[in-house]
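Novice: Heads up: the sequence shown begins at 786 in my numbering, then just goes up one per residue.
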Amino acid sequence: MINSRICEILGIRYPIFQGGMAWIADASLAAAVSNAGGLGLISSINAGTEAVRNEIRKCKELTDKPFGVNIMLQAPNAGEIAHMVVEEGITILTTGAGSPAQYMEMWKEAGIKVIPVVASVTLALKMQAIGATAVVAEGAESGGHVGELHTMSLIPQVADALDIPVIAAGGICDGRGAAAAFILGADAVQVGTRFISAEECTVHQNYKDMILKATDISTIVTGKTLGHPVRSLKTPFSKTFAKMESDPNVKPEEILAFGTGALRKAVKEGDPNGSYMAGECAGMVKKTEPAKDIIADIIDGAEKILAGASSRLA
Ligand code: TUI
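As structure tokens, this is what we get:
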């Protein structure tokens, strides 16, 4: 059975994290993933700090297994969330879109295992030096806010540089991707896009349908000119966003205003003018199924491939 040191450190059965996707990753999805033996994560991007506190409390009712919270560090309420998770007794945190250095002392004192999401070796090394338990190394195939390196070259470089466990993210949604990540040096994988299609994921049905209809070329990265590149599905919204960025007469403030609230509109209302963040592997997600079946499929698939890898290549 596939198992790694991160399973023991976190008390989980399978080395699969569910991405802490903004507005999407709530108690329903996180508890389903944790109950199935993975690591469920609740996103800190929701309708305010108290809404996130409620999700944490709900999740505790839905599962007795370990789960964590993902803190998006660029959010205006990141400081508030950083304190609230300590109050709520959270034991596992992932952080994204920046460095969590300013909160590390407080979280370590509270006994929290901190797992920053990084997109480079430089930041990964810094995180190890300030006491991170592990890092999620996220390649640019992923949905949402992306770095520059892709999974294939990021993972081995981060794995070579660090002593702590590395969780691979970006472009992984089945046993093949997971097996590849383990071979590249990862101790676990983080899966986002495929869990959007999970039965327990509470996003608007239109969001699920858009993922299920996606093909290999359905995503686009916008926001590079604003210093905040984001991968999402190609829609009238993202195409307009891209056009605004390439038009020298449109000011950055206007583009930012156009994008504000777009993810929430997609997740909650299924609004065609919303931002449907998704990774490049959206084209491989073909059905809605329970989170536990997604985890079983990834683990079984990876085990079969790893067991037969040498014979396939002989
Ligand atoms: O954070 C993410 N993905 C996200 S956050 C998000 S919320 C959002 N909402 C509306 C518009 C835009 C975004 C959606 N998706 N992933 C983790 C991640 N972190 N990926 C890359 C990084 C990263 C990049 C640079 C982490 C640190 C970093 O450098 C910081 C430094 O100080 O060097």
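No residue lacks a Cβ here, since even glycine has one placed at the ideal position from N, Cα and C.
Using the DSSP secondary-structure output, state which residues sit across from M1062 in a beta bridge.
Specialist: S1017.
Novice: Going straight from the alpha carbon of F1022 to that of S1060, what length do you get?
Specialist: Approximately 7 Å between the Cα atoms of the pair.
Novice: In the DSSP assignment, find the beta strand (DSSP E) that holds K743 and state where it starts and stops.
Specialist: Residue numbering for the chain in the displayed model covers 786 to 1099; residue 743 lies beyond these limits and cannot be assessed.
Novice: Output needed for N1058: all residues of its chain with C-beta closer than 6 Å, excluding positions within five of it in sequence on either side, in chain order.
Specialist: The answer, listed in chain order, is F1022.
Novice: When the Cβ atoms of the segment 939-946 are set against those of the segment 965-981, are three or more pairs found closer than 8 Å?
Specialist: With a cut-off of 8 Å, the segment 965-981 and the segment 939-946 count as touching, because enough Cβ pairs lie within range.
Novice: Do S1102 and the ligand TUI come close, with the Cβ less than 6 Å from some heavy atom?
Specialist: A question about residue 1102 goes unanswered here, because the residues of the chain that appear run from 786 up to 1099.
Novice: Taking DSSP as the reference, what is the three-state secondary structure of I830?
Specialist: It is coil, neither helix nor strand.
Novice: Which first and last residues belong to the beta strand (DSSP E) in which A922 is found?
Specialist: Its beta strand (DSSP E) spans residues V920 to E923.
Novice: Apart from the five residues just before and just after K843, which ones in its own chain have a Cβ nearer than 7 Å to its Cβ?
Specialist: A812.
Novice: Is there at least one non-hydrogen atom of the ligand TUI closer than 6 Å to the beta-carbon of L902?
Specialist: Before going further, note that residue 902 is Val rather than Leu in the sequence given. Because some heavy atom of the ligand TUI lies under 6 Å away, the Cβ of V902 counts as near it: yes.
Novice: Should A815 be listed as close to the ligand TUI, given that the test is whether its C-beta is under 6 Å from any heavy atom?
Specialist: No, the beta carbon of A815 sits no closer than 6 Å to any heavy atom of the ligand TUI.
Novice: Taking the Cβ atom as the reference point for each residue, do G1100 and S927 lie within a distance shorter than 7 Å?
Specialist: Residue 1100 falls outside the range modelled here, since the chain spans only 786 to 1099, and no answer is possible.
Novice: Measuring CA to CA, which of I957, D1001 and V906 is closest to I1084?
Specialist: Here the closest residue by C-alpha is I957.
Novice: Going by DSSP, which residues form a beta bridge with A973?
Specialist: A973 pairs with I952.
Novice: Might you give, ordered along the chain, the residues of its own chain that have their beta carbon closer than 8 Å to the beta carbon of E1039, omitting 5 neighbours on each side?
Specialist: Here the set comprises M1029.
Novice: Compare the C-alpha of A925 against each of Q887, R979, R1016 and M857 and name the closest.
Specialist: Taking only the C-alpha atoms, the option nearest A925 is R1016.
Novice: Any chance the CB of E923 is under 6 Å from a heavy atom of the ligand TUI?
Specialist: True, at least one ligand heavy atom lies under 6 Å from that Cβ.
Novice: Mapping the DSSP letters down to three states, classify G854 as helix, strand or coil.
Specialist: Note that residue 854 is Val in the sequence shown here, rather than Gly. Reduced to three states, the DSSP call for V854 is strand.
Novice: Below 6 Å CB to CB, which residues in the same chain sit around N831 once its five sequence neighbours on both sides are set aside?
Specialist: Result list for N831: V837, in chain order.
Novice: Give the range of the alpha helix (DSSP H) segment to which Q803 is assigned.
Specialist: Taken as a continuous stretch (DSSP letters only), Q803 belongs to no alpha helix (DSSP H), being part of the beta strand (DSSP E) at I801 to Q803.
Novice: Under a three-way DSSP split, which group does E984 fall into?
Specialist: E984: coil per DSSP, three-state reduction.
Novice: Does the Cβ-Cβ distance between E984 and P1075 come in under 7 Å?
Specialist: Result yes, Cβ atoms of E984 and P1075 sit closer than 7 Å.
Novice: Assign I1083 to one of three DSSP states: helix, strand, or coil.
Specialist: Helix at I1083.
Novice: Below 8 Å on the Cβ atoms is my guess for I1090 versus A964; work out the distance and round it to an integer in Å.
Specialist: The pair is a contact, with the Cβ atoms about 4 Å apart (cut-off 8 Å).
Novice: Please report how far the alpha carbon of E865 lies from the alpha carbon of E835, in whole angstroms.
Specialist: Spanning the two alpha carbons is a distance of roughly 10 Å.
Novice: Quick one: what's I877 bridged to in DSSP?
Specialist: According to DSSP, I877 bridges with K898.
Novice: Taking DSSP as the reference, what is the three-state secondary structure of V931?
Specialist: Three-state DSSP puts V931 in coil, outside helix and strand.
Novice: Please report the straight-line C-alpha distance between H935 and A867, rounded to a whole angstrom.
Specialist: Their Cα atoms are separated by approximately 29 Å.
Novice: According to the neighbour-count rule (16 or more other Cβ atoms, all chains shown, within 10 Å of its Cβ), is S1031 buried or exposed?
Specialist: Looking at its Cβ environment, which holds fewer than 16 other Cβ atoms inside 10 Å, S1031 is exposed.
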